[in-house]
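Below you'll find the structure, written out as structure tokens, and then a few comments.
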Amino acid sequence: MSTVVVSAPGRTLARGVGRGLRDWIPALVILVAILVGWELAIEVFDVERFLLPKPSAIAARFWEERETLWAAGWFTFQEALWGFAAGCSAAIVAALVLARFRTLGTALMPYFIAGNAIPIIAFAPIAIAWFGIDKGSKIAIAGLLCFFPVLVNTLKGLTSVKPSSIELMRSYAAGETQIFRRVRIPNSLPYLFASLKVASVLAMIGAIVAEYFGGSLTSLGIQIKSASALFNFETAWAAILVACILGMSFYLAIALVERIVTRWYPSAPRGR
Amino acid sequence: MSAAAVTIAGLTKTFQKGGTTALQEIDLELQPGEFVSLIGPSGCGKSTLLRVIADLVEPTGGTVHVGGKTAHQARVDRDYGMVFQEAVLYDWRTVAKNIALPLELAGWNRRRRAERVGEMVDLVELSGFENHHPWELSGGMQMRVAIARALSFDPKLLLMDEPFGALDEMTRERLNLELLRIWEASGSTVVFVTHSITEAVFLSTRVVVMSPRPGRIAGIVEIDLPQPRSVDTREEPRFFELATELRELLRGRAVKAARVEEGVH
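Protein chains in written order, with my numbering: chain A, 1 to 272; chain B, 1001 to 1265.
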């Protein structure tokens, strides 16, 4: 009997995590090298601090103003999260409807592709008029930014199913609902998660940029903007650092959910 | 059982695209328990014929009955199991869950499903691989999962569309023997599409030779080799005679077709 060598899935996963940690070492070395190089370059070339502050100065400011910064970060993160939730769920529902009613999907697809190309950020000042200066306008921009990529990708995942997969289901007298539940939706999950990861980044960008046009004082966008206006660049950089940490955590959280949900995916145990 | 396993009468299939006649005036009757192969060059409509029996393709004219019912009713009643050229396994399901798919759709409860999956895994000799995912298996093993899935709900009819076409010769011959063992054990009727002459002779009780453009039945050959077939069957003189007969039937048509084309020029 010709058998392929396979290891138990659990063990593969454990080994995957171990390998993952080892994979991080070179990246960490690079990070340290960049920080040291940055620090030294500013010393050596005597760069003005408003052009580029030293990493150590940013870190110090980050520590001094940690309470204000984290409060602002949390505020902005909430906007991003709500925008993400609203935009992505609307996109998923729309994708399901369009995959079910293909003529509608074909008719609307060009507009979605066009919609995807709109620089949505440009609407931020108008969004303030529509949804108010508070969280509403930021959530709207973040949500709108998430909507198109998630819609287009999920729709692709729902519809790019091998014809034989559908024929098999039909041979079992399965109806459209069954085909969706058991074939199209599982097939779309890798596509969906790829777009959710993109959307998590877009939601943070959307929320912060929308704040630049006005909003709560306890938000990252306003913090960055007012600190820069006051030549307080260390604070601006520290706020950006907070945005990075939150954005990356958001991204990693989705990647983790993806790993759990699509463990069956051929390339999942090997890491992507 | 009085009704024929499959009855095809005056079947014609014309495809809208290009207006090609895939099948013309096909008449064929299969008795329960038969193992019938459909063989012919590509474009002879053998896969289309199988899909018409499966009610996956609508015929243009004529009728198809499966076990006395219309093909549509037979599909709705889940009277047949189908195996495609590719295994068509769902990557997100384990081997056990792939086999259980038709049982889930038929509304079997968890315990009955688990019991039947266990039997099927034994039947196709995949014990120990229940919790593996399809992409962890070799091509031959994947095909065995597909066969187990097609047989899991005990269909009276098994439709197979070049199931071993993508496998290497060694795996193919081993799976041929396994398929015969399963066929004998289950007593179901098999319609088997292939482009391999030796495979058709080895497996079948009857071989339907088809010719292309338009797809028609060129001849039907009874395979009178003794049952059960074994590794030695392939070495019997009668095996070669039958293979030669099929080959000539296929070639005869090919030669004739070539002559017709010459005449046109």
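Even for Gly, the Cβ is constructed at its ideal location relative to N, Cα and C.
Only a predicted model underlies this, so the values are computations on that prediction, with no experimental measurement involved.
Asked                                                                                                    : Found
Interface residues of chain B facing A:V183 [CB-CB closer than 9 Å]                                      : Y1090
8 Å Cβ cutoff met for B:L1038 and B:V1221                                                                : no
8 Å Cβ cutoff met for A:G80 and A:E234                                                                   : First, the residue type needs correcting, since residue 80 of chain A is Ala and not Gly in the sequence shown. The answer is no: Cβ separation not under 8 Å.
Short Cβ contact (8 Å threshold) for B:A1243 with B:T1198                                                : yes
Chain-ordered residues of the segment 1043-1066 of chain B with a beta carbon less than 7 Å from chain A : A1054, L1056
Cα-Cα separation, A:V5 to A:S165                                                                         : Low confidence applies here, because A:V5 scores a pLDDT of 44, under 50, leaving its location unreliable; read the following figure in that light. The straight-line gap from Cα to Cα measures roughly 27 Å.
Under 7 Å by beta carbon: chain A residues contacting B:L1175                                            : Near B:L1175 there are no residues of chain A at all, since even the closest Cβ is about 11 Å away, more than 7 Å.
Spatially closest choice to B:R1113 from B:F1239, B:N1098, B:L1126, by CA coordinates                    : B:N1098
Three-way DSSP call (helix, strand, coil) for B:D1232 in this model                                      : helix
Short CB-CB distance (under 8 Å) between A:S188 and chain B                                              : no
Inside the segment 1200-1234 of chain B only - beta strand (DSSP E) runs reaching at least 3 residues    : 1206-1211, 1216-1222
Inter-residue Cα distance where the pair is B:E1245 and B:V1190                                          : 22 Å
N-terminal and C-terminal residue of the beta strand (DSSP E) that A:I118 is part of                     : A:I118 -> no beta strand (DSSP E), and no H or E assigned at all.
Proximity test, Cβ basis, 8 Å: A:W70 and chain B                                                         : no
B:T1070 burial status per 10 Å Cβ neighbour count (16 or more: buried)                                   : exposed
Own chain residues within Cβ distance below 6 Å of B:P1212, not counting five before or after            : P1041, G1043, C1044
Alpha helix (DSSP H) segments (min. 4 residues) lying fully within the segment 69-148 of chain A         : 102-117, 124-131
Rounded separation between B:Q1283 and B:V1117 - CA only                                                 : Within the shown structure, residues of chain B are numbered from 1001 to 1265, placing residue 1283 of chain B beyond reach of any answer.
Backbone CA spacing between A:F231 and A:W237 [nearest angstrom]                                         : 11 Å
Inter-residue Cα distance where the pair is B:V1052 and B:E1235                                          : 35 Å
Interface residues of chain A facing B:P1102 [CB-CB closer than 8 Å]                                     : Y172
Reduced DSSP category for A:S226 - H, G, I as helix; E, B as strand; rest coil                           : helix
Whole-number beta carbon distance between A:R181 and A:M169, since they are thought to touch under 8 Å   : The Cβ separation is near 10 Å, so there is no contact.
Same chain only: Cβ atoms within 6 Å of A:A127, ignoring 5 sequence neighbours per side                  : S137, A140, I141
Chain-ordered residues of the segment 250-268 of chain A with a beta carbon less than 8 Å from chain B   : T262, W264, Y265, P266
Where A:T3 falls, given that 16 or more other Cβ within 10 Å makes a residue buried                      : With a pLDDT of 42 at A:T3, under the threshold of 50, the modelled position of this residue cannot be trusted, and the question is left open.
Chain-ordered chain B contacts of A:S165 [CB-CB under 9 Å]                                               : V1088, Y1090
Where the segment 1124-1141 of chain B meets chain A: residues whose CB sits under 7 Å from a CB there   : H1132, H1133, W1135, E1136, L1137, S1138, G1140
Selection from A:A207, A:S195, A:K54, A:S188 that minimises the alpha carbon distance to A:Y265          : A:S188
For A:K54, three-class secondary structure by DSSP                                                       : coil
N-terminal and C-terminal residue of the alpha helix (DSSP H) that B:D1055 is part of                    : It is not in any alpha helix (DSSP H) - B:D1055 carries neither H nor E in the DSSP assignment.
Interface residues of chain A facing B:M1082 [CB-CB closer than 9 Å]                                     : E167, L168, S171, Y172
Proximal chain B residues relative to A:G178, where beta-carbon distance stays under 7 Å                 : One point to set straight first is that residue 178 of chain A is Gln, not Gly, in the sequence displayed. In chain order: L1105.
Closer than 7 Å at the beta carbon, the chain A residues around B:V1076                                  : A173
Simplified DSSP state of B:H1072, which is helix, strand or coil                                         : helix
Residue of A:L96, A:L220, A:T262 minimising C-alpha distance to A:E176                                   : A:L96
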